[in-house]
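Chains as they are written, first to last, in this note's numbering: chain A, 38 to 368; chain B, 7 to 326; chain C, 510 to 765. Structure first, then comments.
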Amino acid sequence: MMSGRPLIAWGGPLALLAGIFWLSLFSWSPVPIGSWQAISALLPGKVSVLSQALVLNLRLPRSLVAILLGASLAVAGCLLQTLTRNPLASPSLLGINAGASLAMVVTSAFDPSWVAGYSIALLAAMGGGLSWGVVMLLGRGWDTAGDRSRLILGGVAVSALCAALTRATLLLAEDHAWGIFHWLAGGIAHVRWREFWQLLPFSILLLPLAWLFASRLNLLQLSDDSARTLGIRLGQLRLLVNLVVVLLVGSCVSVAGPVAFLGLLVPHMARAWIGNDLRLMLPIGMLFGAVLMLLADLLARAVAFPAELPAGAMLALIGAPCFIWLVRRRT
Amino acid sequence: MKKPALTLAILLMLVALVLLLSVRYGSETLSFADLHRALQPADSHYFALVEYRLPRILLALLVGAALALSGVLVQGVIGNPLASPEILGVNHAAGLMSIGALMLFPGLSVMWLPLLAFIGALLAFALLRLAAGNSAPLRLALLGIALTALYASITDYLMLSHPLEINQALMWLTGSLWGRGWAFVYVALPWLLLLLPLSLLLCRPLDLLALGEEQATTLGINVRHAQQLILLLALALAAISVALCGPLSFIGLLAPHLTRRLVGGRHHWLIPGAMLIGALLLLLADLLARTLHPPLELPAGVLTAIIGAPYFFWLLMRTR
Amino acid sequence: MMPLILTGLSAGYTNKPVLQSLSLALPAGRITALLGPNGCGKSTLLRCCARLLTPQGGEVLLGNEDLASLSARQLGQRLALLPQQHLVPEGVSVQELVGYGRSPWLNLFGRMGTLDRQRVQAAMEQTQIAQLATQQVCKLSGGQRQRAFLAMALAQDTPLLLLDEPTTWLDINHQIELMALLRERQQQGRTVVAVLHDLNQASRYCDHLVLMSAGCVVASGTPEQVMTPALLQQVFAIKAEVHPDPVSGRPMCIVL
Numbered sequence: 038m039m040s041g042r043p044l045i046a047w048g049g050p051l052a053l054l055a056g057i058f059w060l061s062l063f064s065w066s067p068v069p070i071g072s073w074q075a076i077s078a079l080l081p082g083k084v085s086v087l088s089q090a091l092v093l094n095l096r097l098p099r100s101l102v103a104i105l106l107g108a109s110l111a112v113a114g115c116l117l118q119t120l121t122r123n124p125l126a127s128p129s130l131l132g133i134n135a136g137a138s139l140a141m142v143v144t145s146a147f148d149p150s151w152v153a154g155y156s157i158a159l160l161a162a163m164g165g166g167l168s169w170g171v172v173m174l175l176g177r178g179w180d181t182a183g184d185r186s187r188l189i190l191g192g193v194a195v196s197a198l199c200a201a202l203t204r205a206t207l208l209l210a211e212d213h214a215w216g217i218f219h220w221l222a223g224g225i226a227h228v229r230w231r232e233f234w235q236l237l238p239f240s241i242l243l244l245p246l247a248w249l250f251a252s253r254l255n256l257l258q259l260s261d262d263s264a265r266t267l268g269i270r271l272g273q274l275r276l277l278v279n280l281v282v283v284l285l286v287g288s289c290v291s292v293a294g295p296v297a298f299l300g301l302l303v304p305h306m307a308r309a310w311i312g313n314d315l316r317l318m319l320p321i322g323m324l325f326g327a328v329l330m331l332l333a334d335l336l337a338r339a340v341a342f343p344a345e346l347p348a349g350a351m352l353a354l355i356g357a358p359c360f361i362w363l364v365r366r367r368t
Numbered sequence: 007m008k009k010p011a012l013t014l015a016i017l018l019m020l021v022a023l024v025l026l027l028s029v030r031y032g033s034e035t036l037s038f039a040d041l042h043r044a045l046q047p048a049d050s051h052y053f054a055l056v057e058y059r060l061p062r063i064l065l066a067l068l069v070g071a072a073l074a075l076s077g078v079l080v081q082g083v084i085g086n087p088l089a090s091p092e093i094l095g096v097n098h099a100a101g102l103m104s105i106g107a108l109m110l111f112p113g114l115s116v117m118w119l120p121l122l123a124f125i126g127a128l129l130a131f132a133l134l135r136l137a138a139g140n141s142a143p144l145r146l147a148l149l150g151i152a153l154t155a156l157y158a159s160i161t162d163y164l165m166l167s168h169p170l171e172i173n174q175a176l177m178w179l180t181g182s183l184w185g186r187g188w189a190f191v192y193v194a195l196p197w198l199l200l201l202l203p204l205s206l207l208l209c210r211p212l213d214l215l216a217l218g219e220e221q222a223t224t225l226g227i228n229v230r231h232a233q234q235l236i237l238l239l240a241l242a243l244a245a246i247s248v249a250l251c252g253p254l255s256f257i258g259l260l261a262p263h264l265t266r267r268l269v270g271g272r273h274h275w276l277i278p279g280a281m282l283i284g285a286l287l288l289l290l291a292d293l294l295a296r297t298l299h300p301p302l303e304l305p306a307g308v309l310t311a312i313i314g315a316p317y318f319f320w321l322l323m324r325t326r
Numbered sequence: 510m511m512p513l514i515l516t517g518l519s520a521g522y523t524n525k526p527v528l529q530s531l532s533l534a535l536p537a538g539r540i541t542a543l544l545g546p547n548g549c550g551k552s553t554l555l556r557c558c559a560r561l562l563t564p565q566g567g568e569v570l571l572g573n574e575d576l577a578s579l580s581a582r583q584l585g586q587r588l589a590l591l592p593q594q595h596l597v598p599e600g601v602s603v604q605e606l607v608g609y610g611r612s613p614w615l616n617l618f619g620r621m622g623t624l625d626r627q628r629v630q631a632a633m634e635q636t637q638i639a640q641l642a643t644q645q646v647c648k649l650s651g652g653q654r655q656r657a658f659l660a661m662a663l664a665q666d667t668p669l670l671l672l673d674e675p676t677t678w679l680d681i682n683h684q685i686e687l688m689a690l691l692r693e694r695q696q697q698g699r700t701v702v703a704v705l706h707d708l709n710q711a712s713r714y715c716d717h718l719v720l721m722s723a724g725c726v727v728a729s730g731t732p733e734q735v736m737t738p739a740l741l742q743q744v745f746a747i748k749a750e751v752h753p754d755p756v757s758g759r760p761m762c763i764v765l
């Protein structure tokens, strides 16, 4: 618990982020990039060398998207866990990822040219919102006094349903199957500046918004009755939080495909690091999320160099054992 | 609530009806006269009926019942109506094993897949027990979910690195009854004839477990032993099903749920009822798979998902 | 006759045990009440007696047998428990639920014989729910459900009956009936142990009282021995006077 030592509490993750960001710019590249060239490419001035061009056009957007992705998913996870008072809630376990993916796959099977721009992010968000709604109703997510596991199991069931329908669509749309399938594994290898600009408005808008509501969200950790008598408009707040979560996840899925485990693990890491206060947890979560995503992407490049593993698979390889450890500790 | 016996009788009749329809319809429709003649080896329809349709629908009957039963057992142990055999990780592990083998040995005969899938399922269970230790069923379920995510990732990676085999792999991963002949039925029959009656002995322990672990303990059941035995049985049934037909989802989730609505919670009605509904679901899915768009055949696994979707929404309506 | 003897019992839910080296002898063939403020360990004690909790130290002897050495089935034949909270499955009728109580006596196939059916019917009549026999348990009111589960415990027909706060959901007339029922069981030679909240009810209907506080037994004996102003002050931090109940003659406490 680092709440008493702000320098380490904040400085540590920031330093780590900076370090990994720098590493991601030049390491494990098929065309060698010098570590100093990576920095010099960022500074204003003419881009003369190929490696510097690579950094500016490939590595930089990729790393920036990784940061936004990690931060967004981490915050989405924190919000979900607070909303449902369930420590195992996360976008992938609750079916939001699966619903968003399904929406995108169905759309692209109809017409691949639709898979671009802001409209696709909103489409993914709608798909995610729909499956999320189904899960919440099935799993009685509002009834937090009851069986916690019901929500998770409902999420698994709906995710499985979406996955089956996704596979069905893939089978029927054979010619597009390869491209979609690659995207379904979750990763940022294909990311360029276009995807960055696609993701940025959502993150820039929603992350500070979530943080503004943090103090009210803290009260969500109490029972419904207590929160109401403390002056919270419960219905409104919940609706807003749901909207923020669905938009964050939808925009991330539309850029990088469904990425699992970030939204589940980072809130726990943030809680262990800085405590339960969402006003601190959210920013720290953003830092940790960014670090984790960059790390996963880095390892995904390193493990099978010069080929690349999808970053989503890497996260699953790290995340699944962590999840197992988490479940063993908490139940 | 209707008398359970009456409900079971109606279900039995429905199964018989769908059996008959399955035999008649497909890529070509056989009239009753055709059916009668087709039993002779010399007849032109002999192949379509005896070598193609009959083993397939028998398998659908057996596997549908087995999956439904597996679902009842898992729900009885985990104590949650949203639990299903998929949680044990069996489907994904079996899929991983098969895909892995297909990738590593591209010329591998399809006949090996059932065995590999079965081994994969057993390994998954061993891994799950290792990770969970002797813990409560709920923790087991959550760990199963974690492991499932792991297997799915590895499978995805394998498929991505071998793009040529994707369509074939996708077919296997969805589960279907295509190309399943008498050999598959002969493999399934002895196992299921053994395991299905065994499960009837578990009716009382399952009923008592429904009262909660504590009450079950004071009523004279060794709760942990009972839970482990039941899970093992559920696993065996699910593993055999996956080995024969690939991973078929939702039967293990829907059939027990649906049956509970119709006949209540007592297992000596629930078990036969669920088996009938499971058989019905799979027979229906296979029938639709063959007749929706002939001669193209959709995998039955796709149809179980499509049947599953409206059911979920119906569940929602009821919850409100 | 089944005396319940606990020696050196240490038990709890985490590393810090709720009960520490507790020794207690509960008389056979009597009704014993476990009393004490919240958190004193009376439910923990009861659960140890039902072997729902594995003690970290010490042993529980039922009759002459160590509780830990009994098989699950033998346990079900020696003691029955009415817990505080019930998990109610759907689609089960009252008669079927009470029938579950016969499980420890049935063979592998679970066939109920004439004796089993008689016990089930008698249990339902004693708890006055015979007219609800075909109704679904999940549709009953809290009090009716409590009586159904009580009937299940009675149908189990064991020498030892344990009850955890059995009067919680019941109207006062049903509470009196329950206590009268326990008195009948005791007169048949069974041992009854119940966790109760109401001091005066315990004093009036039970033969033996155990007063607990902070995981220890403060006093154990007849109502006359245990219900004293000094002990009540010590355990419950109340000032009370104790007078004989005008109807039963048992000690009755009146809080000042």
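Note that CB positions come from ideal geometry on N, CA and C, so glycine has one too.
Beta-carbon neighbours of residue i, restricted to chain F and to distances below 9 Å
i, result
"P347(A)", "Reference to chain F is not applicable here, since the protein chains of this structure are A, B and C."
Distance, residue j Cα to residue i Cα
i, j, result
"M7(B)", "L17(B)", "In this predicted model, M7(B) has a pLDDT of only 48, less than 50, meaning its place in the structure is not dependable; the value taken from the coordinates is given anyway. About 15 Å."
"V629(C)", "V607(C)", "6 Å"
"V290(A)", "F239(A)", "12 Å"
"Q655(C)", "G192(A)", "34 Å"
"A542(C)", "L207(B)", "40 Å"
"L93(A)", "T203(A)", "35 Å"
"F745(C)", "T677(C)", "20 Å"
"R99(A)", "L242(A)", "20 Å"
"I361(A)", "F256(B)", "25 Å"
"Q696(C)", "A689(C)", "11 Å"
"R326(B)", "L188(A)", "Any reading at R326(B) is ruled out, since the residue's pLDDT is 47, under 50, leaving its predicted position unreliable."
"L250(B)", "A127(B)", "12 Å"
Cβ separation of residue i and residue j, assumed to be a contact under 8 Å, to the nearest whole Å
i, j, result
"G567(C)", "P613(C)", "Contact doesn't hold; Cβ gap of about 26 Å is too wide."
"A147(B)", "A89(B)", "6 Å"
"L267(A)", "L276(A)", "That belief does not hold up - the Cβ atoms of L267(A) and L276(A) are roughly 18 Å apart, past 8 Å."
"L68(B)", "L198(B)", "5 Å"
"L319(A)", "A247(A)", "6 Å"
"V281(A)", "L116(A)", "7 Å"
"N86(B)", "V248(B)", "Contact flag wrong, Cβ pair sits at about 22 Å."
"L528(C)", "G521(C)", "7 Å"
Boundaries (first-last residue) of the alpha helix (DSSP H) holding residue i
i, result
"C251(B)", "V229 to C251"
"S370(A)", "Lying outside 38 to 368, the shown extent of chain A, residue 370(A) is not represented and no answer is given."
"A689(C)", "I681 to Q696"
"A723(C)", "No alpha helix (DSSP H) contains A723(C), which DSSP labels as neither H nor E."
"L17(B)", "P10 to R30"
The beta strand (DSSP E) enclosing residue i, as first and last residue numbers
i, result
"E568(C)", "G566 to L571"
"H752(C)", "A749 to P753"
"T541(C)", "I540 to L544"
"I514(C)", "L513 to A520"
"L119(B)", "First-last for L119(B): L119 to A138, but that is the alpha helix (DSSP H), not the beta strand (DSSP E)."
Residue of the options minimising C-alpha distance to residue i
i, options, result
"Q593(C)", "L670(C), R759(C), R713(C) and E674(C)", "E674(C)"
"E599(C)", "A711(C), S552(C) and L649(C)", "L649(C)"
"L617(C)", "R582(C), R692(C) and M511(C)", "R582(C)"
Residues bridged to residue i (per DSSP)
i, result
"D673(C)", "V704(C)"
"G730(C)", "L718(C)"
"V764(C)", "A749(C)"
"L535(C)", "L513(C)"
"D575(C)", "L570(C)"
"C359(A)", "Partner(s): none; C359(A) has no beta bridge."
"S168(A)", "The partner list for S168(A) (beta bridge, DSSP) is empty, contrary to what the question assumes."
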